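Working notes, structure below.
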Amino acid sequence: TAEYRIAAIPGDGIGPEVLEVGMEVLDAAVEALGSSRLEFQILPWGSEYYLQNGRMMPEDALDILKGFDAIYLGAIGDPRVPDHVSLELLLDIRKGFDQYVNIRPVKLLAGVDSPVKLKPDAVVDFVVIRENTEGEYSRLGGRFKAGTADEVAIQTSIFTRKGTERVIRYAFDLARRRAEEGIARPGGPRPMVTNCTKSNALNYSMVFWDEIYDAVAAEYPDVHRDKALVDALTMWLVRQPEYYDVIVGSNLFADIITDLCAAIQGGMGVAAGGNINPERAYPSMFEPIHGSAPKHKGKNKANPVATIWAGSMMLEHLGDTAAARLVMTAVEAVLAEGKCRTYDLGGRSSTTEVGEAVKKTIRARGDALLRA
Ligand code: IPM
Ligand code: MN
4 TAEYRIAAIP GDGIGPEVLE VGMEVLDAAV EALGSSRLEF QILPWGSEYY LQNGRMMPED
64 ALDILKGFDA IYLGAIGDPR VPDHVSLELL LDIRKGFDQY VNIRPVKLLA GVDSPVKLKP
124 DAVVDFVVIR ENTEGEYSRL GGRFKAGTAD EVAIQTSIFT RKGTERVIRY AFDLARRRAE
184 EGIARPGGPR PMVTNCTKSN ALNYSMVFWD EIYDAVAAEY PDVHRDKALV DALTMWLVRQ
244 PEYYDVIVGS NLFADIITDL CAAIQGGMGV AAGGNINPER AYPSMFEPIH GSAPKHKGKN
304 KANPVATIWA GSMMLEHLGD TAAARLVMTA VEAVLAEGKC RTYDLGGRSS TTEVGEAVKK
364 TIRARGDALL RA
């Protein structure tokens, strides 16, 4: 059986609690199926590390991480460290490992209610592909005439042809794959890639983005085109989330809409993401998209589902599809039963109780699968 080496970065706040449950659940799944072996190495980086060492992770962090098959991250952020400093950890790994695709599935899991009033037959099941290494997050710019009444702050966005094309192409390939595998759900034209843009106002960057979208789309005549200005898209996502299949957006726009999408799918407690380097030149990183929720730290209260889901995406990426599916089947079975869920989903269970329930279901289903 394959053995995968995974760098686990628990991070700050509730990160360690949810990641611990995530690791246990993944272990339970691969053990139940005997499909692979996971070796987690815990890397104690984050804000505590910063307070002691003046940096979020060691200088050679990327060299250390390079040797792993994947990275499993809890959460980053601590009130004692400015956000723009602590979040460098995340952005440095995304950029340093050329994880240019941030994949964020938006799916209403069995047993989870959406705050959005859905039509009776509507199925919410789409994916947001976020450009993850450039655009508005290029961190270039400066402050001029600092402290004077004439001060100017400039934040530059960078959109390269290569960087834009490759992420849009990934979105089209994904839409095709979803249709071929029969995963794409009806609700709108399928397969379809929605271009999340703002080319009416951003006359250089987004006009360029649109041109590249059109050029790539021309190579995929079987995939429907759809164009939505990001402001209008926020409205349509609430009114008709079932319409979407794959949405592709720039770093900032897709960051914003994926929080909205998280709300649509039941909240930040159930929203997961993967930071992918599709060429596999570097390890990819999987994380819940929520933050570190410092006020819930140590209370065994946070919902581990987002982290477990991110772990399932990691197993899928590593190649253990059977274990990845078993994990999500178990999560959905537990949620659908309705007896064990955290406060954010209207329940009273703790982080570890949800973890135990999912592991128990995994073992029971794993046995049944092996016997079949
Ligand atoms: C996310 C987060 C990060 C981002 C922050 C923490 C820098 O909001 O993963 O969506 O903006 O990318
Ligand atoms: Mn975000």
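Letter by letter, the sequence shown follows residues 4 to 375 in the working numbering. Where a beta carbon is used, it is the ideal one built from N, C-alpha and C, also for glycine. This structure is a prediction, so every number in the text was calculated from the model and none was measured.
beta-carbon residue i near the ligand HEM non-hydrogen atom, thresh 7 Å
{"i": "aspartate 95", "result": "The ligand HEM is not among the ligands present in this structure, which contains only the ligand IPM and the ligand MN."}
Outcome for residue i when other beta-carbon atoms lying within 10 angstroms are tallied against a minimum of 16
{"i": "proline 189", "result": "exposed"}
{"i": "lysine 298", "result": "exposed"}
{"i": "glycine 77", "result": "buried"}
{"i": "glycine 341", "result": "exposed"}
{"i": "isoleucine 157", "result": "exposed"}
{"i": "glutamate 282", "result": "exposed"}
{"i": "tyrosine 207", "result": "exposed"}
{"i": "arginine 164", "result": "exposed"}
{"i": "threonine 364", "result": "buried"}
Contacting residues, own chain, Cβ-Cβ under 6 Å from residue i (five flanking each side not counted)
{"i": "glutamate 137", "result": "Ile161, Gly166"}
{"i": "glycine 18", "result": "Gly77, Ala78, Ser295"}
{"i": "leucine 46", "result": "Ala10, Ile12"}
{"i": "isoleucine 267", "result": "Ser117, Val119, Pro244"}
{"i": "methionine 331", "result": "Ser315"}
As assigned by DSSP and simplified to three states, the class of residue i
{"i": "cysteine 264", "result": "helix"}
{"i": "serine 287", "result": "strand"}
{"i": "lysine 110", "result": "strand"}
{"i": "lysine 98", "result": "helix"}
{"i": "glutamate 137", "result": "coil"}
{"i": "proline 13", "result": "strand"}
{"i": "glycine 37", "result": "coil"}
{"i": "glutamate 42", "result": "strand"}
{"i": "tyrosine 75", "result": "strand"}
Same chain only: Cβ atoms within 7 Å of residue i, ignoring 5 sequence neighbours per side
{"i": "leucine 143", "result": "Thr159, Ile161"}
{"i": "leucine 177", "result": "Val130, Ile132, Val249"}
Nonlocal neighbours in the same chain, by C-beta distance under 8 Å from residue i, ignoring five residues either side
{"i": "arginine 179", "result": "Pro194, Tyr223, Asp225, Val226"}
Pairing CB atoms from the stretch 23-31 with CB atoms from the stretch 85-95, are three or more of them under 8 Å?
no
Exercise answer, beta-carbon shell around the ligand MN heavy atoms below 7 Å:
Asp258, Thr261, Asp262, Ile292
Does the contact criterion of 3 or more C-beta pairs under 8 Å hold for the stretch 330-348 versus the stretch 113-122?
yes
Taking one C-beta from the stretch 314-329 and one from the stretch 274-283 each time, how about it: are there three or more such pairs within less than 8 Å?
Yes: at least three Cβ pairs fall under 8 Å.
Taking contact to mean at least 3 C-beta pairs separated by less than 8 Å, is the stretch 103-110 in contact with the stretch 219-226?
Flag = no, the stretch 103-110 and the stretch 219-226 do not touch.
Is it true that the stretch 246-258 meets the stretch 193-201, where meeting means three or more beta-carbon pairs spaced less than 8 Å apart?
yes
Check whether the stretch 297-311 and the stretch 18-27 are in contact - that is, three or more C-beta pairs closer than 8 Å.
Touching, yes, given that three or more Cβ pairs across the two stretches are closer than 8 Å.
Counting pairs of beta carbons, one from the stretch 61-81 and one from the stretch 92-102, are three or more of them closer than 8 Å?
yes
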